[in-house]
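Participant: Next up is a structure, given as structure tokens.
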């Protein structure tokens, strides 16, 4: 995107202000010896130049030299990077209370977004109220069980659309629209987008643009004197993108407010729970805070998203990304596709069987495919940065208060000390294995761990499995234009999420 490139003018302006801060930087001196080791940085910029266009890979390479607990100076920001399951356990379990804070990035500092966002709110009464509403109104087992029919209905609608589609189907788009409408029905009791209209593509384009802009490097985060200038225009562009997204959501909020004013029936969905929260919990949320809770997901280059779902943006994007990568890997590895199809045929029979969520528990290989996708293609390679709320000892090193801590889950998922043949897609590694994604096995934490673990984990797991299982159960799949499996483009696109660079378009054939 031209709007987020490091233009010559922006860089020149940035260097000018950095020069003014040189004296202050020099006063900071060398890295204090009690911090974890790390690469020596350049004056002013520290180690920013080492990150390149794929910082998760760059950080993993640096960790091979400097260790799995490593310190980098990024401009004025001191950052500790965690690259192993052992160190992740130290941070997210042993010192969970200390590392529960967040560093709120500059593009988020507009209106009341940080405090209205479950992702970015600091731990405290308001964060607990937000989390309580999510865990008691959206993600309890009883609530999710009661909405099984809804999720199945939306997935069956996707299946019917695929049956009527043109020869090639965009898997990511189909999964995105389905995930979006599942979530919107839980929140508003209505579809957010019409799969047959241009609004579906527009909504997806806005969400992906947010991911791309938010994934761009923001000098204002690393050099505080640049905050007022917004030299790259990132904050302004994010405002515009979220303004477009809010146009969709404000229509639904207005409809609900008008219905309540007329004495309409309480539908018992999430928006009613939010609007009722003042009476029940003593917490009153403004419209901007409600919008923040539903949509916020802004992160700079080194502040990527843990899958802690701020509902629409995070929930729909990460789920559809996982489904797309899983389908791509199965097509790229026909032997794995054959094993998944054999299991479906053996357990469920033919496509005349109507797929339900209860079927998933009988499909261990399919579950292993999803787990391996979360390991091999984590939707978010770097979890949301944690912040030390107090000075703390971690593995014999002293991490000062306010230090940012990044968990490089991409590196953890490819650690050869933990995973055999880590660069191969091998779902069978999870068969008969007790390693799970619920935050207790630190070699496998796609949803994070500790008190900031994703509260939407139960919903995300159900959506991904049901969508993927339905795609495989009802259809056989082929590659377009005579493409061979080994010719597939498996490159990813680094941003907030690790998306497939070339969208997966494949040919559905009615399963027999």
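Residue numbers (UniProt numbering): 1 to 512.
Backbone N, C-alpha and C fix where the C-beta goes; we use that ideal spot for every residue, glycine too.
Since the structure is predicted, the reported quantities are computational estimates derived from the model, not experimental observations.
(1) Cα separation between residue 366 and residue 257?
(2) Closer than 7 Å by C-beta to residue 490: which residues in its own chain qualify, once you throw out the five before and the five after it? Chain order, please.
(3) Just mark residue 97 as buried or exposed, buried being the case when its beta carbon has 16 or more other beta carbons within 10 Å.
(4) Please report the distance separating the alpha-carbon of residue 399 from that of residue 77.
(5) With the cut-off set at 7 Å, would you say residue 206 and residue 244 are in Cβ contact?
(6) Can you give the beta carbon distance from residue 382 to residue 406, rounded, assuming they're within the 8 Å contact cut?
(7) Tell me which residues share the same chain as residue 378 and place their Cβ nearer than 7 Å to its Cβ, disregarding the 5 neighbours each side in the sequence.
(8) Buried or exposed: residue 136, going by 16 or more other Cβ atoms within 10 Å of its Cβ?
(9) Counting pairs of Cβ atoms below 8 Å between the stretch 422-438 and the stretch 332-342, do you hit three or more?
(10) Need the endpoints of the alpha helix (DSSP H) that residue 478 sits in, please.
(11) Within this structure, are the beta carbons of residue 138 and residue 270 separated by less than 7 Å?
(12) Going by C-alpha to C-alpha distance, which of 436, 415 and 275 sits closest to residue 457?
(13) My output table needs one value for residue 3: the three-state DSSP class, helix, strand or coil.
(14) Can you give me the Cβ contacts of residue 174 inside the same chain, cut-off strictly under 6 Å, excluding the 5 residues immediately before and after it?
(15) Please list, in chain order, all residues of the same chain as residue 473 whose beta carbon is under 6 Å from its beta carbon, the five residues on each side excluded.
(16) List the endpoints of the continuous beta strand (DSSP E) containing residue 508.
(17) State the DSSP-derived secondary structure class of residue 306, mapped to helix, strand or coil.
(18) For the candidate residues 385, 72, 165 and 84, whose alpha-carbon lies nearest to that of residue 510?
(19) Just to confirm my understanding: we take residue 47, look at its own chain, exclude 5 residues before and 5 after, and list those with CB closer than 7 Å. What are they?
(20) For the alpha helix (DSSP H) that contains residue 219, what are its first and last residues?
(21) When the Cα atoms are used, what is the spatial distance from residue 267 to residue 189?
(22) State the Cα-Cα distance for the pair residue 106 and residue 204, rounded to the nearest angstrom.
(23) Kindly indicate the opening and closing residues of the alpha helix (DSSP H) around residue 176.
(24) Assuming residue 443 is part of the alpha helix (DSSP H), what are its boundary residues?
(25) By the three-class DSSP mapping on this structure, what secondary structure does residue 205 have?
(26) Among 186, 143 and 214, which residue has its Cα nearest to the Cα of residue 236?
(27) So, is residue 385 buried or exposed, given that buried needs 16 or more other C-beta atoms within 10 angstroms?
(28) I'd like to check one pair, residue 100 with residue 123: are the Cβ atoms closer than 7 Å?
(29) Is it right to say residue 43 is buried, meaning 16 or more other beta carbons lie within 10 angstroms of its own, or is it exposed?
(30) Buried or exposed: where does residue 444 fall if 16 or more other Cβ atoms within 10 Å of its Cβ makes it buried?
(31) Closest by CA to residue 369, which one among 401, 349, 322 and 397?
(32) With a CB to CB cut of under 7 Å and the five nearest residues on each side skipped, what residues in its chain are close to residue 49?
(33) So, helix, strand or coil for residue 73, using DSSP?
(34) Give the DSSP-derived three-state secondary structure of residue 437 in the structure shown.
(35) On a CA-only basis, which of 394, 388, 479 and 469 is nearest residue 102? Give me that one, please.
(36) One question on the structure: do residue 210 and residue 161 come within less than 7 Å of each other, judged by their Cβ atoms?
Facilitator: So, from the listed chains and residues:
(1) Their Cα atoms are separated by approximately 42 Å.
(2) Within the same chain, and ignoring the five residues on either side of residue 490 in sequence, the residues whose Cβ sits closer than 7 Å to its Cβ are 328 and 332.
(3) It counts as exposed.
(4) Residue 399 and residue 77 have their alpha carbons spaced roughly 13 Å apart.
(5) At a Cβ-Cβ threshold of 7 Å, residue 206 and residue 244 count as neighbours.
(6) Right, the Cβ-Cβ distance comes to about 5 Å (below 8 Å), so this counts as a contact.
(7) If we look at residue 378 and ignore the five residues flanking it on each side, its Cβ neighbours are 409, 410, 413, 446 and 498.
(8) When all chains shown are included, residue 136 counts as exposed.
(9) Counting C-beta pairs with one atom in each stretch, the stretch 422-438 and the stretch 332-342 have three or more that are closer than 8 Å, which means they touch.
(10) Unbroken run through residue 478 is the beta strand (DSSP E), 475-478; no alpha helix (DSSP H).
(11) Yes, they are a contact pair.
(12) Comparing alpha carbon positions, the residue from 436, 415 and 275 closest to residue 457 is 436.
(13) No answer about residue 3 holds up, because its pLDDT of 40 lies below 50 and its placement is not dependable.
(14) Excluding sequence positions up to five before and after residue 174, its CB lies within less than 6 Å of the CB of 158, all in the same chain and listed in chain order.
(15) The residues are 344 and 355.
(16) Counting along the chain, the beta strand (DSSP E) containing residue 508 begins and ends at 505-510.
(17) Note that residue 306 scores a pLDDT of 35, beneath 50, so its modelled location is shaky; the value from the coordinates is reported in the next line. Annotated three-state conformation of residue 306 is coil, per DSSP.
(18) The option with the nearest alpha carbon to residue 510 is 165.
(19) Sequence-distant partners of residue 47 (beyond 5 residues in either direction) whose C-beta falls short of 7 Å from its own C-beta, in its chain, are 39, 41, 72, 73 and 74.
(20) That run of the alpha helix (DSSP H) goes 219-222.
(21) Cα to Cα, the separation comes out at about 8 Å.
(22) Distance between the alpha carbons of residue 106 and residue 204 is about 24 Å.
(23) Unbroken alpha helix (DSSP H) run through residue 176: 171-188.
(24) Careful: residue 443 lies outside any alpha helix (DSSP H) and carries neither H nor E.
(25) DSSP, reduced to helix, strand and coil, places residue 205 within a helical segment of the structure shown.
(26) Comparing Cα-Cα distances from residue 236 to each of 186, 143 and 214, the minimum goes to 214.
(27) By the 10 Å Cβ count, residue 385 comes out buried.
(28) In this structure, residue 123 lies near residue 100, with their beta-carbon atoms less than 7 Å apart.
(29) Around the beta carbon of residue 43, fewer than 16 other beta carbons lie within 10 angstroms, which makes this residue exposed.
(30) Burial is judged here by how many other beta carbons sit within 10 angstroms of a residue's own beta carbon; residue 444 has at least 16 and is buried.
(31) The residue with the shortest Cα to Cα distance from residue 369 is 322.
(32) Only 42 meet the Cβ criterion.
(33) DSSP places residue 73 in the strand class (E or B) of the three-state scheme.
(34) DSSP places residue 437 in coil when its eight states are reduced to three.
(35) Sorting 394, 388, 479 and 469 by C-alpha distance to the C-alpha of residue 102 places 388 at the top.
(36) Contact flag unset, no.
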